[in-house]
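Report on the following structure.
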Amino acid sequence: MTFYPKTEGRPDNGVANTLAYQKGRPGSLVVGSEEHKELFCRFFIDTHIIFDPAAIKWPELDEGSLKLLHSLPVWTEAMETERMGTCTIQSCATLETDPLIREAVTLLAQEEARHAATIQGLTTRYGIPLPDLPPPQPPVDAEWEFLRFGYSECFDAFFTCALFAIARDSGLVPRPLVETFEPVIQEEARHVLFFVNWEAYHQARSPFWQRPARLGRGALERVLQAQKRLRAALGARSNKDFTMKSHQAITKEITPRRFLELCLAENARRLDRYDARLLRPRLVPTIAKALCHVLR
Ligand SMILES: [Fe+2]
Ligand SMILES: [Fe+2]
Numbered sequence: 008m009t010f011y012p013k014t015e016g017r018p019d020n021g022v023a024n025t026l027a028y029q030k031g032r033p034g035s036l037v038v039g040s041e042e043h044k045e046l047f048c049r050f051f052i053d054t055h056i057i058f059d060p061a062a063i064k065w066p067e068l069d070e071g072s073l074k075l076l077h078s079l080p081v082w083t084e085a086m087e088t089e090r091m092g093t094c095t096i097q098s099c100a101t102l103e104t105d106p107l108i109r110e111a112v113t114l115l116a117q118e119e120a121r122h123a124a125t126i127q128g129l130t131t132r133y134g135i136p137l138p139d140l141p142p143p144q145p146p147v148d149a150e151w152e153f154l155r156f157g158y159s160e161c162f163d164a165f166f167t168c169a170l171f172a173i174a175r176d177s178g179l180v181p182r183p184l185v186e187t188f189e190p191v192i193q194e195e196a197r198h199v200l201f202f203v204n205w206e207a208y209h210q211a212r213s214p215f216w217q218r219p220a221r222l223g224r225g226a227l228e229r230v231l232q233a234q235k236r237l238r239a240a241l242g243a244r245s246n247k248d249f250t251m252k253s254h255q256a257i258t259k260e261i262t263p264r265r266f267l268e269l270c271l272a273e274n275a276r277r278l279d280r281y282d283a284r285l286l287r288p289r290l291v292p293t294i295a296k297a298l299c300h301v302l303r
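The sequence shown lines up with residues 8 to 303 when you count with our numbering.
Written out as structure tokens, the structure is:
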């Protein structure tokens with residue numbers, strides 16, 4: 008049976024729910040203001056959808072689909088990422104003094120935890136072996152790790168949205184599995200939107216003497232994440248990046264430029280449904296647009 012997300016006292020699965028958030032003009036909000044905080048937290052809390060990974064009815068798959076799932080070299084790293092992300096975000100939530108932001112960040116941790124549970128459910132159902140992973144240790148500097156995780160999601164979600172579209176539209180992945188993962192992919196795009204606004208809010212609210220250090224940390228993390236993807240793309244190291252590995256496994260017949268155009272289109276489509284006043288991720292789309300100009 009196909010699994011569909013359900014809502015709790017809400018009219019739809021989160022897509023219709025976003026319609027209430029389409030108001031507002033870009034740039035009409037003061038970043039760091041109470042209004043900004045209310046908007047990015049409320050958008051996140053109100054568009055949360057309810058689903059239980061344990062209730063997913065995983066479909067029967069034919070041999071070809073099973074082979075494809077087994078061949079994707081992403082499951083262990085995806086599991087590690089979701090588990091570590093959950094632990095990091097939970098630690099960050101306990102440090103947060105603002106009740107509304109804490110509520111939103113706690114919800115973010117819950118969503119990452121159920122991503123891990125969804126991957127666990129899939130790998131168990133289809134017999135994909137996973138190593139015994141040690142429980143993730145809470146980070147020493149939770150905020151710094153959250154920054155790292157957030158910027159890493161900015162890159163990963165950008166590419167994952169396009170990979171998912173290819174898997175969906177090519178028929179490579181069976182329809183019931185696509186429908187099962189649709190809310191997870193939308194959540195990742197939504198996480199990026201929340202993170203970008205969370206970071207800009209904290210940056211704007213931090214005392215002016217702390218801003219250079221905060222800006223520097225953010226810039227450094229962006230550079231490190233960009234460098235990591237670039238090196239993976241160039242094959243300069245043993246490829247451990249799971250987005251790149253998925254890309255290599257799924258998109259053998261698409262040019263890099265066409266793939267980047269698809270990334271831009273899919274990300275815009277997934278984020279367009281939210282209030283236009285919220286800040287949008289800019290770095291990765293800007294790099295992608297620049298690459299589209301130089302790639303054939
Ligand atoms: Fe996740
Ligand atoms: Fe996420």
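No residue lacks a Cβ here, since even glycine has one placed at the ideal position from N, Cα and C.
Predicted, not measured: the structure shown is a model, and the values here were computed from it.
**Report entry** Whether aspartate 282 touches phenylalanine 50 by CB criterion (8 Å)
**Finding:** The sequence position of residue 282 within the sequence shown is 275, counting from 1. The sequence position of residue 50 within the sequence shown is 43, counting from 1. In contact: aspartate 282 and phenylalanine 50 (Cβ atoms closer than 8 Å).
Query - cysteine 94 to proline 143 span [Cα, whole Å] - result: Stepping through the sequence shown from its first residue, residue 94 is reached at position 87. Stepping through the sequence shown from its first residue, residue 143 is reached at position 136. Roughly 7 Å separates the two Cα atoms.
**Report entry** Nearest-angstrom Cα separation, counted from arginine 276 out to valine 199
**Finding:** Reading the sequence shown from its first residue, position 192 is the one you call residue 199. Reading the sequence shown from its first residue, position 269 is the one you call residue 276. Cα-Cα distance, rounded: 14 Å.
**Report entry** Stretch-stretch touch, CB-based, cutoff 8 Å, three pairs: the region 56 to 76 with the region 227 to 236
**Finding:** Taking 8 Å as the limit for Cβ pairs, the verdict is that the region 227 to 236 does not touch the region 56 to 76.
Requested in this report: List the whole-angstrom C-beta distance separating cysteine 270 from phenylalanine 165, where the pair is believed to meet the contact cut-off of C-beta under 8 Å.
Outcome: To locate residue 270, count along the sequence shown from 1; it is residue 263. To locate residue 165, count along the sequence shown from 1; it is residue 158. Going by Cβ atoms, the distance from cysteine 270 to phenylalanine 165 rounds to 5 Å, so yes, they are a contact pair.
Query raised in the report: Since isoleucine 294 and alanine 196 are thought to touch, with beta carbons under 8 Å apart, how far apart are those beta carbons, to the nearest angstrom?
Result: On the sequence shown, residue 294 is found 287 positions in, with the first residue counted as 1. On the sequence shown, residue 196 is found 189 positions in, with the first residue counted as 1. Going by Cβ atoms, the distance from isoleucine 294 to alanine 196 rounds to 17 Å, so no, they are not a contact pair.
Report task. Please classify serine 35: is it buried, with 16 or more other beta-carbons within 10 angstroms of its beta-carbon, or exposed? Result -> Taking the sequence shown and counting its residues from 1, the one referred to as residue 35 is at position 28. So serine 35 ends up on the exposed side.
Query raised in the report: How is isoleucine 108 classed by DSSP in three states: helix, strand or coil?
Result: Locating residue 108 in the sequence shown gives position 101, where the first residue counts as 1. Residue state, collapsed to three classes: helix.
Report task. Just mark glutamine 193 as buried or exposed, buried being the case when its beta carbon has 16 or more other beta carbons within 10 Å. Result -> In the sequence shown, the residue the question calls residue 193 occupies position 186. Burial of glutamine 193 is indicated by the presence of at least 16 other C-beta atoms within 10 angstroms of its C-beta.
Query raised in the report: Can you tell me whether DSSP reads isoleucine 52 as helix, strand or coil?
Result: Translated into the one-based positions of the sequence shown, residue 52 becomes position 45. Helix.
Report task. Enumerate, from N- to C-terminal direction, the unbroken alpha helix (DSSP H) stretches of 4 or more residues contained entirely within the region 71 to 124. Result -> If we require 4 residues or more, the alpha helix (DSSP H) runs fully inside the region 71 to 124 come out as 82 to 102.
Query - Contact set for glutamate 150: own chain, Cβ-Cβ below 8 Å, skip 5 residues either direction - result: Start at 1 with the first residue of the sequence shown, and residue 150 comes out as number 143. Shown here for glutamate 150: same chain residues with a beta carbon closer than 8 Å to its own, the five before and five after excluded, namely Cys99 and Leu102 in chain order.
Report task. Inspect the beta-carbon positions of isoleucine 96 and phenylalanine 153 and report whether they are closer than 8 Å. Result -> Your numbering for residue 96 matches position 89 in the sequence shown. Your numbering for residue 153 matches position 146 in the sequence shown. Closer than 8 Å, so yes.
Query raised in the report: With respect to 7 Å, is the separation between the Cβ of glycine 92 and the closest non-hydrogen atom of ligand 4 below this value?
Result: Among the ligands modelled here, namely ligand 1 and ligand 2, ligand 4 does not occur.
Query - Proximity to glutamate 206 [Cα-Cα], best of Pro288, Thr113 and Val180 - result: Locating residue 206 in the sequence shown gives position 199, counting from the first residue. Taking only the C-alpha atoms, the option nearest glutamate 206 is Pro288.
Query - For aspartate 262, the first and last residue of its enclosing alpha helix (DSSP H) - result: Residue 262 sits at position 255 when you count from the first residue of the sequence shown. According to the sequence provided, residue 262 is threonine. The question's aspartate does not apply to it. Taken as a continuous stretch (DSSP letters only), threonine 262 belongs to no alpha helix (DSSP H), as it is neither H nor E.
Query raised in the report: Excluding the five sequence neighbours on either side, which residues of its own chain have a C-beta within less than 6 Å of the C-beta of leucine 286, listed in chain order?
Result: On the sequence shown, residue 286 is found 279 positions in, with the first residue counted as 1. Shown here for leucine 286: same chain residues with a beta carbon closer than 6 Å to its own, the five before and five after excluded, namely Val203, Asn204 and Ala207 in chain order.
Query raised in the report: Counting contacts by CB-CB distance shorter than 8 Å, is phenylalanine 165 in contact with chain D?
Result: Looking for chain D here will not work: only one protein chain is present.
Query raised in the report: Who are the Cβ neighbours of serine 72 in its own chain at under 6 Å, not counting the five residues just before and after it?
Result: Counted from its first residue, the sequence shown places residue 72 at position 65. Cβ neighbours of serine 72 beyond the five flanking positions: Pro181.
Query raised in the report: With respect to 7 Å, is the separation between the Cβ of glutamate 160 and the closest non-hydrogen atom of ligand 2 below this value?
Result: For the purposes of this step, residue 160 is taken as residue 153 along the sequence shown, with counting starting at 1. For glutamate 160, the shortest separation between its Cβ and any heavy atom of ligand 2 lies below 7 Å.
Query raised in the report: Are the CB atoms of glycine 2 and tryptophan 65 nearer to each other than 8 Å?
Result: The structure shown does not extend to residue 2, since the chain is modelled only from 8 to 303, so the question has no answer here.
Query raised in the report: Are isoleucine 52 and glutamate 89 close, meaning C-beta to C-beta below 8 Å?
Result: For the purposes of this step, residue 52 is taken as residue 45 along the sequence shown, with counting starting at 1. For the purposes of this step, residue 89 is taken as residue 82 along the sequence shown, with counting starting at 1. Not in contact: isoleucine 52 and glutamate 89 (Cβ atoms no closer than 8 Å).
Query raised in the report: Whole-angstrom Cβ separation of arginine 32 and arginine 284, contact assumed at under 8 Å?
Result: The residue you call residue 32 lines up with position 25 of the sequence shown. The residue you call residue 284 lines up with position 277 of the sequence shown. That belief holds up - the Cβ atoms of arginine 32 and arginine 284 are roughly 7 Å apart, short of 8 Å.
Query raised in the report: With a Cβ-Cβ cutoff of 8 Å, do leucine 290 and cysteine 161 count as a contact?
Result: In the sequence shown, counting from the first residue as 1, residue 290 sits at position 283. In the sequence shown, counting from the first residue as 1, residue 161 sits at position 154. Yes.
Report task. Compute the Euclidean distance between the alpha carbons of alanine 124 and threonine 130, then round it to the nearest angstrom. Result -> Your numbering for residue 124 matches position 117 in the sequence shown. Your numbering for residue 130 matches position 123 in the sequence shown. Using only the alpha carbons, I get a separation of about 10 Å.
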